[in-house]
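There are 2 protein chains.
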Amino acid sequence: MRWKKISDAVVRRLPLYLRVLDELAKNKDAKLISSHELGERAGVGPALVRKDLAWFGEFGKQGVGYEIEYLRLELRKILNLENVIRVAVVGVGSLGAALARFHIKKFLEDESFNLKVCALFDADPDKHGDMHEGLHVRDMEELEDVIRSEDIEMAIITVPAEFAQDVATNLANAGIRAILNFAPVKISVPDHVQLATADLSLELQRLAYYLQEE
Amino acid sequence: MRWKKISDAVVRRLPLYLRVLDELAKNKDAKLISSHELGERAGVGPALVRKDLAWFGEFGKQGVGYEIEYLRLELRKILNLENVIRVAVVGVGSLGAALARFHIKKFLEDESFNLKVCALFDADPDKHGDMHEGLHVRDMEELEDVIRSEDIEMAIITVPAEFAQDVATNLANAGIRAILNFAPVKISVPDHVQLATADLSLELQRLAYYLQEE
DNA sequence: TAGATTGTTAATCGATTAACAATC
DNA sequence: TAGATTGTTAATCGATTAACAATC
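Chains E and Y are the protein sequences, given in the same order.
Each residue of the first sequence is one higher than the last, beginning at 1 in my numbering.
Each residue of the second sequence is one higher than the last, beginning at 215 in my numbering.
Structure, rendered in structure tokens:
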């Protein structure tokens, strides 16, 4: 299933729409939703909602709107969230451990959440063998083997900034296709690897700007 | 110090430039940097670097470039990072505790890092009094008093999604001016409160899209 | 002086919004 | 049929890039 050249600005809004639909589906408030209301709840204009969805097909009915459950399932298909995606966490400090814990719990509790953390890695030998939510911390030496044998496609990097680039390179070499980076550095990856950044320092510094009196 | 109507797209790049300058200043590699090299290191085009900086003044010299240390200090002024900014963490689960720990350590280790976590709050009475890096967990009842008496301007929300909006409202009422929200929900705040979102689920779902074969 | 690089204006590019015919 | 809302095209808006005179 491929629709070429969809802008990332569009792709970023799809999970937003999906979240609204998940919520509505759970509460069974209604069967239908208009682009106006979906946009309202997602924080996006109604015209943009329609345009975003139209890139992938015709999901609505004129004069009626979109069927919530149907659109929800279609969006899950589009976002590739139908099958379980295996995830590794590299760097098991308190942040890495917390993220692993959070996602493992969510996977167990929410049946529509399809991201499964299934391996933890850390360079510190003292941590090897430590258990977190049923997973033990592995040596970085095992990275490539485990990623390949366990079909891990995504990784979360929570190592100190100075090691992040090396880790990212190793992950790319091991066949990882998407990385969420928490380390406060710009990292480079090959074109076929997707990168998302959760750079808290950057966000906090940006917020500081707006604290100034206006 | 106010320059009206600077676009957020511009403000978001300033911390990126600052990080590059911090790095260069630490290593004392050189005294000067061109927009070309600064852009290179920050991942931004050279013309855009010059245009971004030009919003705030004339910091460079034609034919020469920008003085690293000078520009670094000017950027710190512009971003309002000269004085310590006090921060509260609301929701002390494993993620909240990890973030508090991370930032408190960074504040102690890096003298140019001016964000100081100085209060922790949680709704769970079992956690009240627990210590994290020298701070005890307080009751939510104390939120407003403590924020006002300790001059706390910024908050990090790490409570479960269903409580995030209430917490944000309470924070806004207590006079908080900027919020970094980790809860996976859209929250609304008054216009005078700045909001940054660290919505990991959204990022991971976006990444999932790109895992599809092309 | 010759070479380099800024600050700034004009041109381009891309994303959002408005408008509306099609149609349920 | 009358009212509503989609999918889509055209208009607008804003952000980035290219170009270049000014000048160190």
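Glycine included, C-beta positions come from ideal geometry on N, C-alpha and C.
Counting only residues of its own chain and dropping the five nearest sequence neighbours on each side, residue 239 of chain Y has a CB closer than 7 Å to the CB of 282, 283 and 286.
For residue 156 of chain E, the enclosing beta strand (DSSP E) has its first and last residue at 154-157. In the DSSP assignment, residue 96 of chain E falls within the unbroken alpha helix (DSSP H) covering 94-109.
Around the beta carbon of residue 45 of chain E, fewer than 16 other beta carbons sit within 10 angstroms, so the residue counts as exposed. Close CB contacts of residue 367 of chain Y within its chain, under the 7 Å cut and outside five residues either way in sequence, are with 299, 300, 390, 391 and 392 (chain order). Residue Y:295 holds the alpha-carbon nearest to the alpha-carbon of residue 204 of chain E among Y:312, Y:295, Y:424 and Y:264. Residue state for residue 163 of chain E is assigned as helix, using DSSP reduced to three classes. Following the DSSP letters along the chain, one finds residue 202 of chain E inside the alpha helix (DSSP H) bounded by residues 200-210. For residue 303 of chain Y, the closest of Y:221, Y:425, Y:347 and Y:275 by C-alpha to C-alpha distance is Y:347. For residue 298 of chain Y, there is no enclosing alpha helix (DSSP H), as DSSP gives it neither H nor E. Of all residues in the stretch 369-402 of chain Y, only 391, 392, 394 and 400 place a beta-carbon less than 7 Å from a beta-carbon of chain E. Under DSSP, residue 196 of chain E forms a beta bridge with E:180. Neighbours of residue 206 of chain E in chain Y, taken as residues whose beta carbon is under 7 Å from its own, are 225, 226, 229 and 410 in chain order. At least one CB atom of chain E sits nearer than 7 Å to the CB of residue 308 of chain Y. Only those residues of the stretch 96-107 of chain E whose C-beta falls short of 9 Å from the nearest C-beta of chain Y are listed: 96, 97, 98, 99, 101, 102, 103 and 106. Per DSSP, the beta bridge partners of residue 329 of chain Y are Y:299. DSSP places residue 364 of chain Y outside both helix and strand once states are collapsed to three, so it counts as coil. Not a single C-beta of chain Y is nearer than 7 Å to the C-beta of residue 68 of chain E.
Around the CB of residue 201 of chain E, 16 or more other CB atoms lie within 10 Å, so the residue is classed as buried. Assignment of beta-bridge partners to residue 128 of chain E by DSSP yields no partner. By the 16-neighbour rule on beta-carbons within 10 angstroms, residue 103 of chain E is buried. Under the 7 Å criterion on CB atoms, residue 85 of chain E is classed as interfacial with respect to chain Y. Counting C-beta pairs with one atom in each stretch, the stretch 34-43 of chain E and the stretch 8-24 of chain E have three or more that are closer than 8 Å, which means they touch. Its chain contains 342 as the residues whose beta carbon lies nearer than 6 Å to that of residue 353 of chain Y, once the 5 sequence neighbours on both sides are disregarded; these appear in chain order. Taking a C-beta distance under 7 Å as the contact criterion, residue 382 of chain Y and residue 370 of chain Y do not qualify as a contact pair.
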